[in-house]
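Input: a single structure, listed below in structure tokens.
Protein chains in written order, with this note's numbering: chain A, 623 to 860; chain B, 11 to 605.
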């Protein structure tokens with residue numbers, strides 16, 4: 623008999639070594655997330671996937687599944703906090719969906735919709751952030767970076783390069799690139815690299831591909847992120 | 011520079027784990043980390059330059075932009091404030107002709123704030139090129155300004171500027187009976203290491219950093235790991251504002267602390283240990299090195315300790331200004347030469363710590379107590395304290411009291427007794443356990459020092475009735491926002507939001523609903539953060555709000571909404587441009603107008 627955990631009252635099978643997130647995804651249970659991506663080393667920083675494991679808050683993407691775990695995922699309390707955490711990400715950076723090429727394909731936006739986020743709630747930081755348009759094929763708009771480190775991990779783990787890193791402390795954290803000039807054009811990043819295509823927001827965009835899919839026909843324009851995510855992530859992983 | 015970096019890297023065997031040490035040397039020489047140094051180090055250590063940039067930007071004592079040849083940092087702890095720090099800082103800035111946070115035009119001197127330097131019983135305090143300055147006052151500042159303007163090297167400054175006193179006011183169980191070098195190891199060898207672990211278990215000793223995990227259990231878990239390459243780490247990153255007892259233990263009882271580490275190594279089977287010393291305690295570094303040398307000569311460290319089969323040595327590693335490195339997994343990251351970001355757990359350090367190997371991380375005081383237990387036995391220790399909190403606790407007492415300094419009490423002692431002993435009168439409240447701990451009011455002085463009541467890493471700050479509780483919460487809240495590592499969203503964004511929200515209220519811009527909003531931010535940070543820093547960052551507001559809600563409410567305006575900024579002030583530029591200053595060009599924001 624396989625081992626199981628319980629998520630919102632439902633028995634979910636798992637195998638040793640799986641995280642709660644992995645077991646949930648495999649069983650078709652969506653846990654909201656932004657910094658997690660199947661097949662990547664878990665990071666645990668966005669905290670959207672916080673669940674209650676036997677009463678204690680844990681990040682589902684890093685916490686190992688183990689027997690006798692009674693997990694709360696879809697409670698009103700947890701979703702309310704997830705909504706606030708998403709709002710924190712929105713006010714920290716400068717996220718102006720209507721003017722962003724990623725709208726409709728953006729996971730930050732889609733999670734916000736999914737959590738029924740109707741305003742930003744908190745005061746805006748209006749952080750002064752730059753753009754790096756130096757690379758012939760790839761653009762960085764730091765205004766939209768949420769420090770999920772997916773590009774960092776993609777470059778290291780998938781592309782065998784080391785193009786990106788997160789640097790600095792606290793609220794001054796920022797994305798840096800591995801070039802003496804500090805410019806993307808002087809790195810070995812290519813538009814086909816996974817690191818150039820993994821960004822959940824519009825912080826890293828491929829040039830000259832903007833609006834090839836019209837607004838209104840994009841991934842999250844008609845579908846919720848839970849369904850899309852489960853379909854893609856279960857597909858990718860097994 | 012190439013030659014300097016090359017020999018620096020060679021001195022550290024080109025090990026990336028020693029990156030912080032190398033960056034400290036670069037900063038000391040160039041007063042910043044120049045881009046060329048980043049490139050040369052990356053090349054020499056074969057690591058991406060991004061890792062070096064990250065470390066430079068993460069640690070407070072490194073800077074990308076040039077600082078002065080005299081880098082002056084003044085401690086911004088609440089205890090320094092209480093001793094007149096703010097007024098002195100203004101005086102210092104005027105005397106030196108440099109703004110706070112800036113470098114003087116001639117590049118000679120830079121001035122800035124820094125988090126608590128652990129000199130709360132002898133402040134206001136600061137650091138000059140990393141070395142601790144104590145008891146700052148106007149006359150001392152006059153002299154410092156002269157020395158700096160005369161380009162006098164630090165070695166020629168008066169020694170009393172750098173004098174750091176122990177101020178042990180009330181020794182107890184441990185401080186009254188220090189052990190002789192080698193005594194604990196000899197006792198453990200005679201008794202057997204396994205039996206000595208049983209004694210430590212029997213003593214009930216729990217981690218003295220504040221979290222209170224059972225020491226014997228931690229050591230046993232580590233010893234039982236399959237992987238046989240194991241490490242012992244002493245956490246001397248004493249960063250909790252108001253704490254300085256580890257500084258005193260390392261200044262006067264270092265042998266006993268090192269002996270505790272060696273004892274742990276013998277029990278768990280480790281060959282290498284580290285003392286992670288906070289950068290602010292640079293002044294202790296050479297003295298501690300000399301003690302390690304003595305211990306090697308005496309056969310208490312090195313190969314075949316005391317002629318037996320135990321091989322163990324200790325290396326001292328300096329931090330570089332980051333409170334978060336007191337968190338054990340962040341400390342390990344820092345030991346590995348990276349920025350101090352707490353790891354995901356599990357695995358815990360006892361399973362996967364330094365370089366992924368089983369590692370015991372304990373506080374200075376824990377190792378200090380363990381040596382004494384090895385000599386005197388578990389019952390001796392357990393006879394003190396309460397049922398759940400055995401033994402004694404060493405407190406760092408500062409603030410409004412006649413005799414600030416080091417006090418050792420058996421657990422179970424009441425706050426009232428402590429206040430009487432240190433000469434505190436007219437007490438408004440006490441911050442127990444530092445900003446991450448609890449503010450207790452004058453109604454709670456019968457509460458006891460114990461894991462089951464008031465748990466503490468040792469910080470004990472006394473406030474009298476002349477102090478403003480909101481100013482205290484304000485200082486602590488800014489501290490956490492400054493020290494958040496930024497890894498997780500709730501702490502990175504939340505501590506900044508909390509700071510803004512509290513500033514809004516204390517600045518007189520709060521209105522109905524703003525205290526509720528404040529509480530909500532607190533709860534979000536506390537519940538959702540990744541590590542202990544975030545989980546406790548809201549405590550200064552939460553524990554004072556719980557006790558003095560009326561104080562917060564009294565700062566609110568009696569209108570239903572108030573913008574977070576000064577409306578009329580924001581119009582100033584427009585008035586200047588329009589060359590107007592008549593009544594109609596002003597917006598009123600008084601409560602009366604809105605009511």
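Virtual Cβ for every residue (Gly too), placed ideally from N, Cα, C.
- Its chain contains 777, 778 and 800 as the residues whose beta carbon lies nearer than 7 Å to that of residue 784/A, once the 5 sequence neighbours on both sides are disregarded; these appear in chain order.
- The Cβ neighbour count for residue 839/A, taken over all protein chains shown within 10 Å, is under 16; the residue is labelled exposed.
- Cα atoms of residue 210/B and residue 266/B: separation of roughly 16 Å, rounded to the nearest angstrom.
- Under DSSP, residue 286/B shares a beta bridge with 245/B and 327/B.
- The way I'd put it, the segment 168 to 181 of chain B doesn't touch the segment 357 to 368 of chain B; fewer than three beta-carbon pairs between them come closer than 8 Å.
- Per DSSP, the beta bridge partners of residue 81/B are 120/B.
- Think of a sphere of 8 Å around the beta carbon of residue 667/A: the chain B residues whose beta carbon falls inside it are 497, 498, 499 and 540, in chain order.
- Not one beta carbon of chain B lies nearer than 8 Å to the beta carbon of residue 742/A.
- Look at residue 419/B here: in three-state DSSP terms it is strand.
- Near chain B, meaning a CB-to-CB distance below 8 Å, no residue of the segment 813 to 825 of chain A qualifies.
- Rounded to whole angstroms, the gap between the alpha carbons of residue 563/B and residue 213/B is 47 Å.
- As computed with DSSP, residue 312/B is found in a beta bridge with 322/B.
- Just measuring C-alpha positions, the residue of 758/A, 687/A, 689/A and 645/A sitting nearest residue 814/A is 758/A.
- In this structure, 173/B is the residue among 173/B, 494/B and 107/B with its C-alpha nearest to the C-alpha of residue 137/B.
- Taking 8 Å as the cut-off, the Cβ atoms of residue 773/A and residue 786/A count as close.
- Comparing alpha-carbon positions, the option among 702/A, 684/A, 725/A and 781/A lying closest to residue 743/A turns out to be 702/A.
- With fewer than 16 other Cβ atoms inside 10 Å of its own Cβ, residue 462/B counts as exposed.
- Ranked by Cα distance from residue 114/B, the options 355/B, 155/B and 384/B are led by 155/B.
- Residues of chain A with a Cβ closer than 7 Å to the Cβ of residue 502/B are, in chain order, 792, 793 and 795.
- When the Cα atoms are used, residue 765/A and residue 665/A turn out to be separated by approximately 21 Å.
- Looking from the CA of residue 331/B, the closest CA among 511/B, 258/B, 192/B and 286/B belongs to 286/B.
- Only those residues of the segment 179 to 196 of chain B whose C-beta falls short of 9 Å from the nearest C-beta of chain A would be listed, and there are none.
- Taken through DSSP and simplified to helix, strand or coil, residue 675/A comes out as strand.
- According to DSSP, residue 786/A shares a beta bridge with 799/A.
- Listed along the chain, the chain B residues whose CB falls inside 9 Å of the CB of residue 645/A amount to none; the nearest CB is some 16 Å away.
- Residues are counted here when their Cβ sits less than 9 Å from a Cβ of chain A; for the segment 314 to 342 of chain B these are 332 and 334, given in chain order.
- A check of alpha carbon separations from residue 160/B across 306/B, 80/B, 124/B and 23/B identifies 80/B as the nearest.
- Put simply, the CB of residue 689/A is far from chain B, with every gap to its CB atoms at 8 Å or more.
- Contact between residue 565/B and residue 518/B holds: CB atoms are separated by about 7 Å, below the 8 Å threshold.
- Under the 8 Å Cβ criterion, the segment 71 to 89 of chain B counts as touching the segment 121 to 128 of chain B, having at least three qualifying pairs.
- Sixteen is the threshold: since fewer than 16 other Cβ atoms of the shown chains lie within 10 Å of the Cβ of residue 205/B, the residue is exposed.
- The beta carbon of residue 277/B sits closer than 7 Å to the beta carbons of 203, 206, 207, 229 and 233 from its chain, once the five residues preceding and following it are set aside; these are given in chain order.
- Taking a Cβ-Cβ cut-off of 8 Å, residue 705/A has no neighbours in chain B, whose nearest Cβ is about 10 Å from it.
- Residue 765/A has a beta carbon lying at 8 Å or more from every beta carbon in chain B.
- With respect to the C-alpha of residue 536/B, the residue from 502/B, 340/B and 34/B having the closest C-alpha is 502/B.
- Rounded to the nearest whole angstrom, the CA to CA distance from residue 584/B to residue 595/B is 9 Å.
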